[in-house]
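Here it is, written out as structure tokens:
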């Protein structure tokens, strides 16, 4: 058991899986000698060589596209897109192909591959280095979409993603890379993809979030308990697609109230699907309209205005109190 | 600090062995056994005759939109003929002759173009990717396959097909660049059929050849007479041998012509002249190769009838295929269906049960492909 930050925890997942399975290759820009711009692939090149840890030319479509070819052959590529904001140059390869080969070939081929990418704000970065764009990937049939919220579940989910026979888009919150250290067991650990996790039990209100926003949701829950004597149930979604509707619905059937917190813009975002799923499964238990606390429906605003745009504890508290008072 | 030339001036080879008048450059004639020559001709003829039959089937509404190959048989067969069964073939969407040669049954292709994904399922031992429609996007997959083969130390060559229009797409350039940097065993076969739907090659690129685009990526590029099956074969054989020997990728540009429509939803009289088509009909790859075989006394009697009978039998099998079970649309989304898909499948099962049988109706006209306008023919 070691105390690791999320970067080191992800690195451990890659290292241990690559030691276990020679079919796993890592590919991306600067992932080799440099160890990745966020150091997630540090030391892998030294340990496994340039054939397995590939410093690719700078082209997102071909990073994803060649990974697809490798996966069709039977390798298990883990490719890194340097920032999620650049992933749209390879988006067609994910949507048109990675997610569809199983269907197109009627099961003859599939793409066992992971597309990792840092996402989200909080690091005072330029445009395309701060956005939260998970909704595009969560919408694609045939694809899985995973967003961990801390070192331990990041490591376990990355191991599960690598072993999953379907293509997984794996979002890593940049704001969490160095935010906290957690005990991470030495032995390999997995977490089931498609399962949300109840991180705090409570009977009054369900707060649903994921990734970097989970910390905001938890802090709001603690404040509500301390200041208002309200016990929130906090759910870490962990997998956006396929969404664990069962856990979400079961919680709201108990609490009757829900607040959803995400960093992505509101319209057509994950909150819409989550709210609808709750409405479909727990309509008669609802005591108040479901609230969404999200970024605005605006393009990148510049990091000088980021704090106003990205949800914070005060906004979650306000939404929660409105919901409770309804 | 002078201004100086860093690289030698590049040159691009052009290869023609058997010209449209039947003149043979005997010094360049590849060694192909009489049996193989006959096999090659039969495969080209099968491609042509099936293509013609499929156009009729489409007009009758028995298959949907597809992209005919007429005129491109030599480009396809000359190249794919140099592969082993253990090599990989990556098609785009206009490779019927090459796909038949690689082992796709006729009825499976018909099934695919009749809207059944089952027709796009390669056999378990077949090293062929299914048809890929977004232009040039299959090329990075081919490079990835070649990388994986090299990584595993397998004796495998990958051959990837695309058209002239694909050379304008970013994925083409990225694929060639990656292939060059990684030095993987791949042969890129460009069927330059002069037209990307309505856009002629001179509006597609300012380059004099498509083959020369390889040079920028440090790869050899060669232009061949794509209607001369001997030239295509000779160039492909060399490129495949080079790839197999670990000497890296090659781009082959086959200069050919699409004698028919872009797809069955297309009307080429809108954008090209009848004179141009007639000029290329004189260069027909089949008549040229037939004359060559005739001189060698290798043209079998009754081959057309034999090929047509093979096609007719396959059409019968295709039409006897079971109706599509809609519920199977949920089978291959994920390895294991997640709960929401299990629920959606159940929802559909209930709906189908209560609807009785879904209405059969008249066959639907085929929609256009890739941004085409709908033509009057399509509306009819």
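Residue numbers (the working numbering), protein chains in the order written: chain A, 1 to 326; chain B, 327 to 706. Cβ atoms here follow ideal geometry from the backbone N, Cα and C, with glycine treated the same way.
task = Tell me, please, whether the CB atom of residue 242 of chain A is closer than 8 Å to any CB atom in chain B?
result = yes
request  = Mind reading off the beta-carbon distance from residue 422 of chain B to residue 435 of chain B? Whole number of angstroms is fine, and I expect it under 8 Å.
outcome  = 7 Å
request  = Can you tell me which of the three DSSP states residue 119 of chain A falls into?
outcome  = strand
message = Let me make sure I understand the geometry here. Which of A/164, A/49, A/218 has the alpha-carbon closest to that of residue 242 of chain A?
response = A/164
key: Limits of the unbroken beta strand (DSSP E) element including residue 208 of chain A   = 205-209
inquiry  = Across the stretch 283-302 of chain A and the stretch 329-346 of chain B, are there enough close Cβ pairs to call them in contact, namely three or more that are closer than 8 Å?
reply    = no
Counted within 10 angstroms of its Cβ, other Cβ atoms place residue 532 of chain B as buried (16 or more) or exposed = exposed
Residue range of the alpha helix (DSSP H) that includes residue 391 of chain B = Neither: residue 391 of chain B is in no alpha helix (DSSP H) and is coded neither H nor E.
ask   = Which residues mark the beginning and the end of the beta strand (DSSP E) in which residue 294 of chain A is found?
value = 291-295
request  = Could you tell me the distance, in whole angstroms, from the CA atom of residue 672 of chain B to the CA atom of residue 653 of chain B?
outcome  = 9 Å
request  = Taking only beta carbons into account, state which residues of the stretch 644-659 of chain B come closer than 8 Å to chain A, listed in chain order.
outcome  = 657, 658, 659
inquiry  = Can you confirm whether the stretch 471-479 of chain B touches the stretch 521-541 of chain B when touching is taken to mean that 3 or more C-beta pairs between the two stretches lie within less than 8 Å?
reply    = no
message = Strictly below 8 Å CB to CB, what residues from chain E border residue 664 of chain B?
response = The structure shown contains no chain E; the protein chains it does contain are A and B.
inquiry  = Buried or exposed for residue 528 of chain B, going by 16 or more other Cβ atoms inside 10 Å?
reply    = exposed
key: Cutoff 7 Å; reference residue 271 of chain A; Cβ partners in own chain excluding five residues on either side   = 260, 262, 292, 294
ask   = Between residue 134 of chain A and residue 145 of chain A, is the Cβ-Cβ spacing less than 8 Å?
value = yes
ask   = Which one or two residues does DSSP pair with residue 526 of chain B in a beta bridge?
value = B/521
query = Thinking C-beta only, is residue 499 of chain B closer than 8 Å to residue 103 of chain A?
reply = no
key: At least three beta-carbon pairs within less than 8 Å, the stretch 226-244 of chain A to the stretch 196-206 of chain A   = yes
Distance between residue 63 of chain A and residue 700 of chain B (C-alpha atoms, nearest Å) = With a pLDDT of 45 at residue 700 of chain B, under the threshold of 50, the modelled position of this residue cannot be trusted; read the value that follows with caution. Near 36 Å, if we compare the C-alpha coordinates of residue 63 of chain A and residue 700 of chain B.
key: Where residue 447 of chain B meets chain A, residues with beta-carbon distance less than 8 Å   = 105, 106, 107, 108
ask   = Nearest chain B C-beta to residue 29 of chain A closer than 8 Å, yes or no?
value = no
message = Against chain A, with Cβ distances strictly below 8 Å, would residue 504 of chain B count as a contact?
response = yes
message = Rounded to the nearest angstrom, what separates residue 225 of chain A and residue 197 of chain A at their Cα positions?
response = 20 Å
inquiry  = For residue 560 of chain B and residue 366 of chain B, I'd like the C-alpha separation in whole angstroms.
reply    = 13 Å
ask   = When the Cα atoms are used, what is the spatial distance from residue 42 of chain A to residue 156 of chain A?
value = 18 Å
inquiry  = With a threshold of 8 Å between beta carbons, is residue 72 of chain A in contact with chain B?
reply    = yes
inquiry  = So with CB distances below 8 Å, who are the chain A contacts of residue 270 of chain B?
reply    = What is shown of chain B runs 327 to 706, which leaves residue 270 of chain B out entirely.
ask   = Looking at the structure shown, is residue 241 of chain A part of a helix, part of a strand, or coil, going by DSSP?
value = strand
message = Taking only three categories from DSSP, how would you classify residue 76 of chain A?
response = strand
query = Starting from residue 197 of chain A and walking both ways along the alpha helix (DSSP H), at which residues does that stretch end?
reply = Premise fails: residue 197 of chain A lies in the beta strand (DSSP E), 197-200, not in any alpha helix (DSSP H).
query = What whole-angstrom Cβ distance do residue 27 of chain A and residue 68 of chain A have, given they're in contact under 8 Å?
reply = The pair is not a contact, with the Cβ atoms about 11 Å apart (cut-off 8 Å).
query = Ordered along the chain, which non-local residues of its own chain (more than five positions away) have a Cβ less than 7 Å from that of residue 77 of chain A?
reply = 25, 27, 67, 70, 71, 113
request  = State the start and end residues of the unbroken alpha helix (DSSP H) segment that holds residue 281 of chain A.
outcome  = 270-282
ask   = So with Cβ pairs under 8 Å, would you call residue 463 of chain B a contact of chain A?
value = yes
inquiry  = Distance cutoff 8 Å, beta carbons only. Does residue 166 of chain A sit that close to anything in chain B?
reply    = yes
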